[in-house]
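Participant: Chains A and B, in that order, give the protein sequences.
Each residue of the first sequence is one higher than the one before, starting from 6 at the first, in our numbering.
Each residue of the second sequence is one higher than the one before, starting from 6 at the first, in our numbering.
All residues carry an ideal CB built from backbone N, CA and C; glycine is no exception.
Since the model is a prediction, treat every value here as computed from it, not as a measurement.
Shown below is the structure under consideration.
Protein chains: 2
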Amino acid sequence: MEREAIAARYRALQDTICMRLEALDGMARFQEDPWERPEGGGGRTRTITEGALIEKGGVNFSEVHGPLAPAAAKALGIAGEAFYATGVSIVLHAHSPWVPTIHMNVRYFEVPGGPSWFGGGIDLTPVYVDIDMARRFHRGLKAVCDRHDPQCYAPYARWADDYFFLPHRQETRGIGGIFFDRISPSAEHPAEDLFAFTVALGEAFPALYEEAASPGRAQPFGQRERDWQLLRRGRYVEFNLAYDRGTRFGLETGGRTESILMSLPADARWRYDHRPEPGSWEAETLAWLRKGVDWIAQ
Amino acid sequence: MEREAIAARYRALQDTICMRLEALDGMARFQEDPWERPEGGGGRTRTITEGALIEKGGVNFSEVHGPLAPAAAKALGIAGEAFYATGVSIVLHAHSPWVPTIHMNVRYFEVPGGPSWFGGGIDLTPVYVDIDMARRFHRGLKAVCDRHDPQCYAPYARWADDYFFLPHRQETRGIGGIFFDRISPSAEHPAEDLFAFTVALGEAFPALYEEAASPGRAQPFGQRERDWQLLRRGRYVEFNLAYDRGTRFGLETGGRTESILMSLPADARWRYDHRPEPGSWEAETLAWLRKGVDWIAQ
């Protein structure tokens, strides 16, 4: 496949998703910052703020290329002196604690004359775990996966549990989703197949978010729920700054800081040794934040 | 020197500092959490919350020892199968944006039968840079340094600029201070000297904080100052989670998470591509957050 065709389709995906999200939000519009990278390529960072549904979010497209620094090549475990990467990256933080934070990413990476691969995923971080919401979300993801390869949902869901994990808290970031990385074309899944799967994920994203966001968006909430939301956002910040490979790789290799850190919430909170009251919904939520939950079967 | 004597003195330092800070705050008291480490040693985590001056802070003592995991030895660049470490670590976030956040640490590390070293530092992170405050703070630090070694202030101040730096923002965390690490005993500075210097730093800490905190603590402030404080705390979180070696080493080697992350502020904020108005005090503050400012001479 031509990498330019992949980038063009991802760029169009960004347009579609932003349109769908603006319609879903009903109030705020995305603001676009086009940017160029001195070493090659650039992107379109689109952010949305203070909407009716979304408090702070971003839908970023980038297509970057250029020399691959030895340190970056080593970090990636590859030999090569140049790279090409394109993708769409999304994080949406809603006002309401009844609406989960969602993240999506699809990406293509290529070492010219060397290996190439696709990666991606969607995962959900509820403030309060709602089993029905989690089941619907995972079933929706499984349906997209099944159309690509009926064997891929289970390993990709395990991959999300392992990736979106805070080892110092022994907590998953949320109720998981799917995650996959460095999937190179094969006889079974040529590049066209892998590419189509990433596009299908991107196209499924707005409906998956709408399904997770709609039931709670207009429900009233109080200070207790807001406080818990801020504490859970603290965990989101911990994961993104201390562990997320995309964030760390981006910051360390001189990526565009504001585009990378658009993933952070508007506000976050920390309390020393905070423990929710036993038996509360907050405590129940914590108990669900572990690896290996079969959400489809819940 | 006997390591137990070092630990006993650091433990006493924690007591003195907590007493002095309670008197300075005038309202809140420290809460103590003693903890033990299964592999050896433990600590006393002391936190203070919602005081008259301090919004969230901690003064931690720890004395830990045990086997040194190969990954940890490699990260430290040393050969050895066991270690011993003791120290006092402080971070204080005040309510008022006119009061800077302060950090102090003194520490001793030993590989039994191998190398040993001292480290430490104090640095100040104002929400608004006040040149008089910065000058007084650095002069105070220089006085402590000069009593130890008249040559050490300048390199230790440079070390703080290099260490407390956010490369992805090209900003220093604050107006610096001093920082030093892995200073092994020498003919010029035997262990007793280095130890005495760390104790002197700890003893100087309460007065340095009082001097920086007192002018602003009772001054009124409004929403604009509070907003800027929250954004600057976002930077503090970015530094601590993404770069601070102590935090990262602690989290990666299974340290006590709540003791390590007591350094985080109560609340923090992020806004996409926030830029203060040109000519404002906020913009002036940003302009000061760079390496190599000679605060003594300002």
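Hey, how far is the Cα of A/T262 from the Cα of B/R174?
Facilitator: 7 Å
Participant: Per DSSP, what kind of secondary structure is B/D167 in: helix, strand or coil?
Facilitator: If DSSP states are grouped into helix, strand and coil, B/D167 belongs with the helices.
Participant: What does DSSP give as the partner residue(s) for A/Q36 in the beta ladder?
Facilitator: A/Q36 pairs with A/T52.
Participant: Can you grab the Cα-Cα spacing for the pair B/V104 / B/M24, in whole Å?
Facilitator: 20 Å
Participant: By the criterion of Cβ-Cβ separation under 7 Å, what are the contact partners of A/R274 in chain B?
Facilitator: A271, D272
Participant: May I have a chain-ordered list of the beta strand (DSSP E) segments no shorter than 3 residues that lie completely inside the region 152-218 of chain B?
Facilitator: Qualifying beta strand (DSSP E) stretches, in chain order: 182-188.
Participant: Could you list which residues in chain B have their beta carbon closer than 7 Å to that of A/M307, in chain order?
Facilitator: Only positions 6 to 303 of chain A appear in this structure, which leaves residue 307 of chain A out of reach.
Participant: What are the residues of the region 171-192 of chain A that lie near chain B, defined by any Cβ-Cβ distance shorter than 7 Å?
Facilitator: The region 171-192 of chain A vs chain B, Cβ under 7 Å: H173, R174.
Participant: By the DSSP assignment, the alpha helix (DSSP H) with A/Y15 in it spans what residues?
Facilitator: 8-30
Participant: If you follow the alpha helix (DSSP H) that B/W286 is part of, which residue opens it and which one closes it?
Facilitator: 286-293
Participant: Write down the C-beta distance between B/H100 and B/T106 rounded to the nearest angstrom, noting that I regard them as a contact closer than 8 Å.
Facilitator: 11 Å between Cβ atoms; not a contact.
Participant: Per DSSP, B/S67 forms a beta bridge with which residues?
Facilitator: B/G48, B/G92
Participant: Listing by chain order, which chain A residues have their CB less than 8 Å from the CB of B/V242?
Facilitator: V242, L246, A273
Participant: Hey, could you find the ends of the beta strand (DSSP E) B/A302 is sitting in?
Facilitator: Unbroken run through B/A302: none, as it is neither H nor E.
Participant: Residues of chain A with CB closer than 8 Å to the CB of B/E282, please, in chain order.
Facilitator: Listed by position along chain A, the residues whose Cβ is nearer than 8 Å to that of B/E282 form an empty set, because the closest Cβ is around 18 Å away.
Participant: Looking at C-beta atoms only, is the number of pairs between the region 201-210 of chain A and the region 80-87 of chain A that lie closer than 8 Å three or more?
Facilitator: no
Participant: Taking only three categories from DSSP, how would you classify A/A78?
Facilitator: helix
Participant: Could you name the residues of chain B that A/E55 contacts, counting a contact when the two beta carbons are closer than 9 Å?
Facilitator: Correct list: empty, because the minimum Cβ distance to chain B is about 11 Å.
Participant: Note down, in chain order, all residues in the region 252-263 of chain A with a beta-carbon under 9 Å from any beta-carbon belonging to chain B.
Facilitator: T252, R253, G255, L256, E257, G259, G260, T262, E263
Participant: For a contact meaning CB atoms closer than 8 Å, what does A/T91 contact in chain B?
Facilitator: The contacting residues do not exist; A/T91 stays about 22 Å from chain B at best.
Participant: If you draw a straight line from the alpha carbon of B/Y241 to that of B/G251, how long is it in whole angstroms?
Facilitator: 14 Å
Participant: Would you mind giving the Cβ-Cβ distance between B/V134 and B/E289, rounded to the nearest angstrom? I have them listed as a contact below 8 Å.
Facilitator: 7 Å
Participant: When you compare the CB of A/L146 with every CB in chain B, is at least one pair closer than 9 Å?
Facilitator: no
Participant: Grab me the residues of B/V204's own chain with a C-beta within less than 7 Å of its C-beta, minus the 5 sequence neighbours each way, in chain order.
Facilitator: R14, L18
Participant: How many angstroms separate the CA atom of A/L146 from the CA atom of B/F35?
Facilitator: The C-alpha of A/L146 lies about 48 Å from the C-alpha of B/F35.
Participant: Would A/I95 be called buried (16 or more neighbouring beta carbons within 10 Å of its own) or exposed?
Facilitator: buried
Participant: What does DSSP give as the partner residue(s) for A/N110 in the beta ladder?
Facilitator: A/N110 pairs with A/S94, A/G126.
Participant: Less than 7 Å between C-beta atoms, sequence neighbours within five positions excluded: which residues of the same chain meet that for A/R237?
Facilitator: V132
Participant: According to the Cβ coordinates, are B/D128 and B/G92 closer than 9 Å?
Facilitator: Not closer than 9 Å, so no.
Participant: Between the region 263-276 of chain A and the region 183-194 of chain B, do three or more beta carbon pairs fall short of 8 Å?
Facilitator: no
Participant: Please list, in chain order, all residues of the same chain as A/R16 whose beta carbon is under 7 Å from its beta carbon, the five residues on each side excluded.
Facilitator: F66
Participant: Contact check, A/P72 vs A/E60 under 8 Å by CB: the rounded distance?
Facilitator: With a Cβ gap of about 38 Å, A/P72 and A/E60 do not count as contacting.
Participant: What span of residues does the beta strand (DSSP E) with A/R274 cover, start to end?
Facilitator: 272-274
Participant: Compute the Euclidean distance between the alpha carbons of B/A148 and B/T50, then round it to the nearest angstrom.
Facilitator: 30 Å
Participant: Between B/D20 and B/V111, what straight-line distance do the alpha-carbon atoms span, to the nearest angstrom?
Facilitator: 14 Å
Participant: Using a threshold of 9 Å, state whether the C-beta atoms of A/G126 and A/A159 are closer than that.
Facilitator: no
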